[in-house]
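S.K.:
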Amino acid sequence: MKDGQEFPPAAFQVDARTVADYLKAVGEDNGLYENTGLVPPMAVAALSLKALISAISMPPGTIHVSQEFEFTDTVKTEDTLTSHARVSRVQARGKLHLITVETRVLNQESKPVLTGKTGFILPTP
Amino acid sequence: MMSTSFELKEGSPLPKITKNITQDNINLYAKASGDFNPIHVDADYARKTPLGGTVAHGMIILAYISQMLTGAFGQRWLTSGKLNVRFRAPARPGDVITVSGSIRRIERGDGHQTIDCEVLCRNQNDEPVITGEAKVKVK
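If you read the sequences in order, they're chains A and B.
If you read the first sequence in this note's numbering, its first letter stands for residue 1, the second for the next number, and so on.
If you read the second sequence in this note's numbering, its first letter stands for residue 1, the second for the next number, and so on.
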């Protein structure tokens, strides 16, 4: 993995069933999500990370050490989202690599809804 | 001025929440997020790793922080929230996580205020699981 490396954009939707499972899993009962079609921002974040982790093929022993998110617009269940990710930093520390990946999620109008920076520590193969 | 269930001033605590970590919720989260890493869902696999057992996805704990901030700031959190955290320790099934925070600073801008908060998740042994900061713009 190298600085500046980009991953193929990944498109996804968050359907109502996934949102219901998510709300139940995290015990979220805020009325904001009742019959509004609004998707919790951290559900969007989780699905964008899923796309990222699939693309990177994380080796066993990878640790998620830090996370930044900025939410810039609401997401609704019918929205189609596209996640763009690039490696913004690679640092070798002994037998470990510290990798920072920047993510940007856009909706179907190409409007950003979420940006993020994820820090991983990966063991050296 | 935004209406909140707590006093919007520097030093005010945010309404805290407490969560029980269960393997059932971890499994359900794996289904919802698509993250079936065996360290979260396969007890036999996880037992043989240095962690010694399954651990919750870090993103579950972040979801708890987001839940606290949604409760505090409503839809403003969904459209202007910023979160910056470090994962300090894993959360395991059986753990009880307390999510708390407080307002560090309020910056007045053009037509809005930026609320800068400290956020913290601790387990039942008072060990930090996540530390960090959150910002949100309110009118």
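Cβ atoms here follow ideal geometry from the backbone N, Cα and C, with glycine treated the same way.
Tell me, to the nearest whole angstrom, how far the beta carbon of A:L52 is from that of A:T100; I am working on the premise that it is less than 8 Å.
M.R.: In the first sequence, residue 52 of chain A corresponds to position 52, counting from 1. In the first sequence, residue 100 of chain A corresponds to position 100, counting from 1. At roughly 12 Å, the Cβ-Cβ gap does not stay under 8 Å, so A:L52 and A:T100 are not in contact.
S.K.: Between which two residues does the beta strand (DSSP E) containing B:V41 stretch?
M.R.: Along the second sequence, one-based indexing puts residue 41 of chain B at 41. Careful: B:V41 lies outside any beta strand (DSSP E), inside the alpha helix (DSSP H) at P38 to V41.
S.K.: Give the residues from the segment 25-44 of chain B that approach chain A closer than 7 Å (Cβ to any Cβ), ordered along the chain.
M.R.: Those residues of the segment 25-44 of chain B that come within reach of chain A (Cβ to Cβ, closer than 7 Å) are N25, L28, Y29, K31, A32, S33, G34 and D35.
S.K.: Checking 7 Å against the spacing of the C-beta atoms, do B:A46 and B:I21 come in under that value?
M.R.: Walking along the second sequence from the start, residue 46 of chain B turns up at place 46. Walking along the second sequence from the start, residue 21 of chain B turns up at place 21. Result no, Cβ atoms of B:A46 and B:I21 do not sit closer than 7 Å.
S.K.: Assign A:I56 to one of three DSSP states: helix, strand, or coil.
M.R.: Residue mapping note: residue 56 of chain A aligns to position 56 of the first sequence, counting from 1. It is helical.
S.K.: Let me know the beta strand (DSSP E) ranges lying completely inside the segment 65-98 of chain B, each 3 residues or longer, listed in chain order.
M.R.: Taking only runs of at least 3 residues, the beta strand (DSSP E) segments lying wholly in the segment 65-98 of chain B are 82-87.
S.K.: Assuming B:Q67 contacts A:V26 under a Cβ cut-off of 8 Å, what Cβ separation, rounded to an integer in Å, is found between them?
M.R.: Taking the first residue of the second sequence as position 1, residue 67 of chain B is located at position 67. Taking the first residue of the first sequence as position 1, residue 26 of chain A is located at position 26. 7 Å between Cβ atoms; contact.
S.K.: For the alpha helix (DSSP H) that B:Q23 lies in, which residues bound it at each end?
M.R.: Within the second sequence, numbered from 1, the residue matching residue 23 of chain B stands at position 23. Note, B:Q23: alpha helix (DSSP H), Q23 to S33.
S.K.: Could you give the first and the last residue of the continuous alpha helix (DSSP H) run that contains A:K24?
M.R.: If you number the first sequence from 1, residue 24 of chain A lands on position 24. A:K24 -> alpha helix (DSSP H) spans A16 to V26.
S.K.: Between the beta-carbon of A:T73 and the beta-carbon of A:V105, is there less than 7 Å?
M.R.: Translated into the one-based positions of the first sequence, residue 73 of chain A becomes position 73. Translated into the one-based positions of the first sequence, residue 105 of chain A becomes position 105. As written in the sequence, residue 73 of chain A is Asp, which differs from the Thr given in the question. No, the Cβ-Cβ distance between A:D73 and A:V105 is not below 7 Å.
S.K.: With DSSP as the reference, identify every bridge partner of A:A10, one or two as the case may be.
M.R.: As a first step, residue 10 of chain A must be located in the first sequence, where it is residue number 10. Beta-bridge pairing links A:A10 to A:S83.
S.K.: Could you tell me which of B:H40, B:I97 and B:K31 sits nearest to B:E127, measuring between CA atoms?
M.R.: Position 127 of the second sequence, counted from the first residue, corresponds to residue 127 of chain B. Here the closest residue by C-alpha is B:I97.
S.K.: Ignore the nearest five residues each way along the sequence and tell me which others in B:T114's own chain have a CB closer than 7 Å to its CB.
M.R.: Translated into positions along the second sequence, residue 114 of chain B becomes position 114. Result list for B:T114: E107, K135 and K137, in chain order.
S.K.: Against chain B, which members of the segment 25-45 of chain A pass a CB distance test of less than 8 Å?
M.R.: From the segment 25-45 of chain A, only A25, V26, G27, E28, N30, L32, L38, P40, P41, M42, A43 and A45 have a Cβ closer than 8 Å to chain B.
S.K.: Please list the partners that A:H97 has in chain B, where partner means a Cβ-to-Cβ separation under 8 Å.
M.R.: Taking the first sequence and counting its residues from 1, one reaches residue 97 of chain A at position 97. Those within 8 Å of A:H97 in chain B number zero; the least Cβ separation is about 17 Å.
S.K.: Count the CB pairs spanning the segment 58-73 of chain B and the segment 79-98 of chain A that are closer than 8 Å, and state whether there are at least three.
M.R.: Contact fails: fewer than three Cβ-Cβ distances are below 8 Å.
S.K.: Measuring straight from C-alpha to C-alpha, what distance separates A:K50 and B:I65?
M.R.: Within the first sequence, the letter at position 50 stands for residue 50 of chain A. Within the second sequence, the letter at position 65 stands for residue 65 of chain B. Their backbone Cα atoms lie some 20 Å apart in a straight line.
S.K.: Find the nearest neighbour of B:I26 within the set B:G94, B:S5 and B:A89, judged by alpha-carbon distance.
M.R.: To locate residue 26 of chain B, count along the second sequence from 1; it is residue 26. Of the candidates B:G94, B:S5 and B:A89, the one whose C-alpha sits nearest the C-alpha of B:I26 is B:G94.
S.K.: Report yes or no: do the segment 10-23 of chain A and the segment 37-47 of chain A share at least 3 C-beta pairs separated by less than 8 Å?
M.R.: Enough Cβ pairs lie closer than 8 Å, so yes.
S.K.: Please report how far the alpha carbon of B:A32 lies from the alpha carbon of A:E109, in whole angstroms.
M.R.: Here residue 32 of chain B refers to the residue found at position 32 of the second sequence. Here residue 109 of chain A refers to the residue found at position 109 of the first sequence. One C-alpha to the other measures close to 25 Å.
S.K.: Do A:V127 and A:V44 have their C-beta atoms closer together than 7 Å?
M.R.: In this structure chain A extends from 1 to 125, so residue 127 of chain A is not present and cannot be described.
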